[in-house]
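K.L.:
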Amino acid sequence: MVQNLSERLFLPETLENERNLEFCIYAGNIEKLKELRNMEAHWTEEVYSKANLEEKWVELVKAITVILKEGGFEVWLPIFKENLQSIKQGEIYDDEKVVLQKTLQSELRELYRSGRKTTLMPLVWAGRSYHFKHDALQVYITTKFSINQNGLVTFIETNDLLEMRETCRVMVLQGESGTGKTSLLRYLASVWKRDQPCPVPTLSKIDYLIFLDCNAVSVGTFTYGDIIREVFSLTSSSTNIGSIVDILKRATDSVMFLIDCFDERLKAFEQAFKDLQRKFPKATFLVTTRPHSTPAICNLCEDLPLIFTAHGFNWSSAKSCVRKIGLGSLSKTSEVISLMEAKAMSLELMPLEALSSLMQCDSFMSARGEHLSFQFIHNSHANFLIAYHVCERLRNDKIKITNLLRDLKMDQRTILTFVVSILFRNKEESVGYHRLQEIAYLSRQHVKFYDINFFLDLIEESQYDKGLAQELARYLPLADTEPSPQIGLGRAGDLNSYYLWIRKKEIERSEALEMLLSVSTPSRLWLRLSDGIPADDDTCASKMAQYDAEAALNLIRNSYKNKPLCELKLSDFTVSRPLAWPQNLWWLDIYRCKIETDLGLQEGLLKLSMCKCTNLGHVSIPSTVKSLKLQEMDVDDPALPPGLETLVVRSCQVIRHPALSPRLKKHSFINCIFEDDIILHYALMNSLNFSDDVASGDSSD
641 MVQNLSERLF
651 LPETLENERN
661 LEFCIYAGNI
671 EKLKELRNME
681 AHWTEEVYSK
691 ANLEEKWVEL
701 VKAITVILKE
711 GGFEVWLPIF
721 KENLQSIKQG
731 EIYDDEKVVL
741 QKTLQSELRE
751 LYRSGRKTTL
761 MPLVWAGRSY
771 HFKHDALQVY
781 ITTKFSINQN
791 GLVTFIETND
801 LLEMRETCRV
811 MVLQGESGTG
821 KTSLLRYLAS
831 VWKRDQPCPV
841 PTLSKIDYLI
851 FLDCNAVSVG
861 TFTYGDIIRE
871 VFSLTSSSTN
881 IGSIVDILKR
891 ATDSVMFLID
901 CFDERLKAFE
911 QAFKDLQRKF
921 PKATFLVTTR
931 PHSTPAICNL
941 CEDLPLIFTA
951 HGFNWSSAKS
961 CVRKIGLGSL
971 SKTSEVISLM
981 EAKAMSLELM
991 PLEALSSLMQ
1001 CDSFMSARGE
1011 HLSFQFIHNS
1021 HANFLIAYHV
1031 CERLRNDKIK
1041 ITNLLRDLKM
1051 DQRTILTFVV
1061 SILFRNKEES
1071 VGYHRLQEIA
1081 YLSRQHVKFY
1091 DINFFLDLIE
1101 ESQYDKGLAQ
1111 ELARYLPLAD
1121 TEPSPQIGLG
1131 RAGDLNSYYL
1141 WIRKKEIERS
1151 EALEMLLSVS
1161 TPSRLWLRLS
1171 DGIPADDDTC
1181 ASKMAQYDAE
1191 AALNLIRNSY
1201 KNKPLCELKL
1211 SDFTVSRPLA
1221 WPQNLWWLDI
1231 YRCKIETDLG
1241 LQEGLLKLSM
1251 CKCTNLGHVS
1261 IPSTVKSLKL
1271 QEMDVDDPAL
1281 PPGLETLVVR
1291 SCQVIRHPAL
1301 SPRLKKHSFI
1311 NCIFEDDIIL
1321 HYALMNSLNF
1331 SDDVASGDSS
1341 D
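Once you know that position 258 of the sequence shown is 898 in my numbering, the rest is easy, because the numbers rise by one and skip nothing.
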């Protein structure tokens, strides 16, 4: 079918001037072009035969050719003809291609409508014969997803995850078993091409959503052709694979592949995955895997992929699972269901629906007949149920959480989070002080000076209980050594220790963080707005995070209203307007800062250190500062406070030396480079004692 082709024909945009354009229109065969456009533009084979269509096409080409020649634009004719041919090839399909295109889309829609790819089966055992099917669109449970970019973690809603395909065509979704990876893919397949409005905007732009379960392909190793045959089983039985591939290639960026369980068939699928990327260079790929296989999958990608993490259940999603997925439609007289009910009662876990939805049954045959054994499908589900059991036992006030968790070989951190969620979900029942002490004591092992997010998790799960925050504050960690590169936290350089790290990921949880800081007394904070390391030759390289330092400092200022902050260290940020500093700040250490305006430092500051910063001249140093240290930056006659007692300038480019106060007691210029050594030498000799340490990095004397 051909529609509005005359509207899409290439015409030169760089016309020489309006006079040429006017001549082109009136001197050319514009009447013929108008007639073709107005009377014959919407050509279809229902109105014209193929011969008549070709005749009209030739007339159109002749009319535009005359216009271009008469207007003096012969140079554009080759480009015009090339574009015209591409339009003709791209738009005129024969009957077979049109039918094949519709058949492929219809088969995909029917595949998902019939439930083969859009049902969730929590009981994945032999229960297929029991028809434990749940429509993914009806029972899908939203879980947490996040992306880590340059060390900064951002949480993403389910329906927004695909929006990032504009920046990268390969997305890897990693997560442990049971964190919602497969459920997400089935949900996406379920909402695609439904009659009702799609809740995922990106899917409305997709013409072909191809869902591949790697475990469903039975052959040992398979090619991209095997994948096409697996997905389009009906069409491929009567159509050449090459024709199907050709249709998909024409669809370009409106093709998306959902590839599930990649890690379970990695060796068998790796070559096919490479071939798919080459065959469909503009298609989008969403791949699921467990974390241990993520590096191997990334190595198979043509371009650097985006890596998302699925975090699984929290309290609200666990409740949704219990509510949405149950066994109400099953016969309670079934022997299998009776056995499951007995299992539930022995564990003292209620309701039955929760247990039955989260357990699987494995059967095996012996001489005595069939035997059934039960186990949890996913660790996250088991952790939730164990936490529920723990909370039921805690109704006895004499039982301790420590004793209940002592012998568990499961994820005690996750279980403890669920316990807090369950204990605090009822605001009418207060949690005893001894319980708060227990929770805080048990949680201390899960936080470090460089990561206090578990404390923030518990505060959020407790619905911001101040009593719990006060107990957690007693165990805030302080560092006694710098982090090593092995723990993946970047290079800290020669900066001092004993700081509690506050990063962008903690700042984003502002309500919980402000509550924790306001009831605690950490006297030294390191506000790390980026974990990235700038290039060696650029102290404020583009890799530096452009994070809102103002919001971060406002939070710290609010947390330290009535108490002193002995030392604050900031690194990797840009200042474009004065900041609101804590009122009782004594020492300030600024590292790798791009200064575009005055910092707005307040009186009362006693010690200031700056390293690898730009535009020192913008900084008004408070008169109360007694100690000033400048390192690895340009020094151009800064205005020093009159009461300054100690000055250290190390590895700096000294353009003009500062005017030194007679009250200065200690000073040193170490490994510095001076613009004019001799002039500076005599100036320093006149203003400093001979015993002072003055060094020039480029002096040969």
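Idealized CB from N, CA, C, for every residue including glycine.
Tell me the rounded alpha-carbon separation between Lys-833 and Ser-844.
P.N.:
Their backbone Cα atoms lie some 8 Å apart in a straight line.
K.L.:
Using a Cβ distance threshold of 8 Å, determine whether the segment 937–949 contacts the segment 808–825, with at least three qualifying pairs required.
P.N.:
Contact holds: three or more Cβ-Cβ distances are below 8 Å.
K.L.:
Does the distance from the C-beta atom of Leu-1270 to that of Ile-1261 stay below 8 Å?
P.N.:
The answer is no: Cβ separation not under 8 Å.
K.L.:
Quick check on the burial criterion: 16 or more other C-beta atoms within 10 angstroms. Buried or exposed for Arg-1143?
P.N.:
It counts as buried.
K.L.:
Is there contact here, the segment 1071–1089 with the segment 1106–1116, by at least three beta-carbon pairs under 8 Å?
P.N.:
Yes, the segment 1071–1089 touches the segment 1106–1116.
K.L.:
Using 8 Å as the Cβ pair cut-off and three pairs as the minimum, do the segment 888–896 and the segment 918–929 touch?
P.N.:
In short, these stretches touch, since the Cβ pair count reaches three.
K.L.:
Can you give me the Cβ contacts of Thr-842 inside the same chain, cut-off strictly under 7 Å, excluding the 5 residues immediately before and after it?
P.N.:
These residues qualify, in order along the chain: Leu-802, Glu-803 and Arg-805.
K.L.:
With 16 other CB atoms within 10 Å as the buried threshold, where does Val-738 fall?
P.N.:
Counting Cβ neighbours within 10 Å, Val-738 comes out exposed, since fewer than 16 surround it.
K.L.:
Which first and last residues belong to the beta strand (DSSP E) in which Asn-1198 is found?
P.N.:
Segment 1189–1199 is the alpha helix (DSSP H) holding Asn-1198; no beta strand (DSSP E) there.
K.L.:
Rounded C-beta distance between Phe-1094 and Arg-1053? I'm assuming under 8 Å.
P.N.:
The pair is a contact, with the Cβ atoms about 7 Å apart (cut-off 8 Å).
K.L.:
Please go through the same chain and pick out, in chain order, the residues whose beta-carbon is closer than 6 Å to the beta-carbon of Pro-1125, but skip the five residues on each side of it.
P.N.:
Note that Pro-1125 scores a pLDDT of 34, beneath 50, so its modelled location is shaky; the value from the coordinates is reported in the next line. Nothing listed; no residue qualifies.
K.L.:
If distances are taken between C-alpha atoms only, which option among Ser-933, Leu-744, Ala-1220 and Lys-1305 comes closest to Glu-870?
P.N.:
Among Ser-933, Leu-744, Ala-1220 and Lys-1305, the Cα nearest to that of Glu-870 is on Leu-744.
K.L.:
In three-state DSSP terms, what is Leu-1205?
P.N.:
DSSP places Leu-1205 in strand when its eight states are reduced to three.
K.L.:
Could you say which of Val-1060, Asp-1051, Arg-1046 and Asp-1037 lies nearest to Tyr-1028 if we only look at CA atoms?
P.N.:
Residue Val-1060 is the option with its Cα nearest to Tyr-1028.
K.L.:
For Pro-837, is the classification buried or exposed, using 16 other Cβ atoms within 10 angstroms of its Cβ as the cut-off for buried?
P.N.:
Per the 10 Å Cβ criterion, exposed.
K.L.:
Please name the residue or residues paired with Trp-1141 in a DSSP beta bridge.
P.N.:
Answer is Trp-1166.
K.L.:
Tell me the rounded alpha-carbon separation between Arg-749 and Tyr-780.
P.N.:
Looking at the two C-alpha atoms, the distance is approximately 19 Å.
K.L.:
Would you please state the rounded distance, in angstroms, between the beta carbons of Asp-1212 and Leu-1165? I believe it to be under 8 Å.
P.N.:
Contact doesn't hold; Cβ gap of about 15 Å is too wide.
K.L.:
Pick helix, strand or coil for Cys-901, following the three-state DSSP scheme.
P.N.:
Cys-901 falls in the coil class under three-state DSSP.
K.L.:
Quick check on DSSP: helix, strand or coil for Leu-1280?
P.N.:
Of the three classes helix, strand and coil, the one that applies to Leu-1280 here is coil, per DSSP.
K.L.:
Pull up the distance between the alpha-carbon of Ala-1185 and that of Leu-1153, whole angstroms please.
P.N.:
Unreliable positioning characterises Ala-1185 in this predicted model, as indicated by a pLDDT of 43, which lies under 50. The coordinate reading is nonetheless provided below. Each residue's alpha carbon lies about 21 Å from the other.
K.L.:
So, helix, strand or coil for Lys-1252, using DSSP?
P.N.:
Three-state DSSP puts Lys-1252 in coil, outside helix and strand.
K.L.:
Taking contact to mean at least 3 C-beta pairs separated by less than 8 Å, is the segment 1240–1258 in contact with the segment 1268–1287?
P.N.:
Yes: the two stretches touch, three or more of their Cβ pairs being nearer than 8 Å.
K.L.:
Taking the straight line between their C-alpha atoms, what separation do you get for Ser-878 and Val-885?
P.N.:
Taking the straight line from one Cα to the other gives about 14 Å.
K.L.:
From Gly-920 to Lys-889, what does the alpha carbon distance come to, in whole angstroms?
P.N.:
The displayed chain sequence assigns Phe, not Gly, to residue 920. So the alpha carbons of these two residues sit roughly 6 Å apart.
K.L.:
Count the other CB atoms, across all protein chains shown, that sit within 10 Å of the CB of Gly-1072; report buried if there are 16 or more and exposed otherwise.
P.N.:
Classification for Gly-1072: exposed.
K.L.:
Helix, strand or coil, according to DSSP, for Arg-1290 in the structure here?
P.N.:
Three-state result, Arg-1290: strand.
K.L.:
Report all residues from its chain with a CB closer than 7 Å to the CB of Ser-1263; omit the five preceding and five following residues, and keep chain order.
P.N.:
Cβ within range, chain order: Glu-1243, Pro-1281, Pro-1282 and Gly-1283.
K.L.:
Once the 5 residues before and after Gly-968 are set aside, which same chain residues still bring their CB inside 6 Å of it?
P.N.:
The pLDDT assigned to Gly-968 is 42, lower than 50, so where the model puts this residue is not dependable; a value taken from the coordinates is nonetheless given after this. Within the same chain, Gly-968 has no close Cβ partners at all.
K.L.:
In chain order, what residues of the same chain have a beta carbon less than 6 Å from the beta carbon of Ser-1163, not counting five sequence neighbours either side?
P.N.:
Closer than 6 Å at the Cβ level, and outside the excluded window around Ser-1163, lie Cys-1206.
K.L.:
In or out: Asn-1311 buried (at least 16 other Cβ within 10 Å) or exposed?
P.N.:
Exposed, because fewer than 16 other Cβ atoms sit within 10 Å of the Cβ of Asn-1311.
K.L.:
Assign His-1297 to one of two classes, buried (16 or more other C-beta atoms within 10 Å of its C-beta) or exposed (fewer than that).
P.N.:
His-1297 is buried by the Cβ-count criterion.
K.L.:
With distance defined between alpha-carbon atoms, name the residue in Phe-909, Leu-828 and Arg-826 nearest to Tyr-864.
P.N.:
Among Phe-909, Leu-828 and Arg-826, the Cα nearest to that of Tyr-864 is on Phe-909.
K.L.:
Nearest to Ser-817 by CA position, among His-951, Leu-946, Ala-703 and Tyr-827, is which residue?
P.N.:
Taking only the C-alpha atoms, the option nearest Ser-817 is His-951.
K.L.:
Considering just the uninterrupted stretch of the beta strand (DSSP E) at Phe-913, what are its terminal residues?
P.N.:
Run containing Phe-913: none in the beta strand (DSSP E); it sits in the alpha helix (DSSP H), 906–919.
K.L.:
List the residues that DSSP assigns as beta-bridge partners of Leu-849.
P.N.:
DSSP lists Met-896 as partners of Leu-849.
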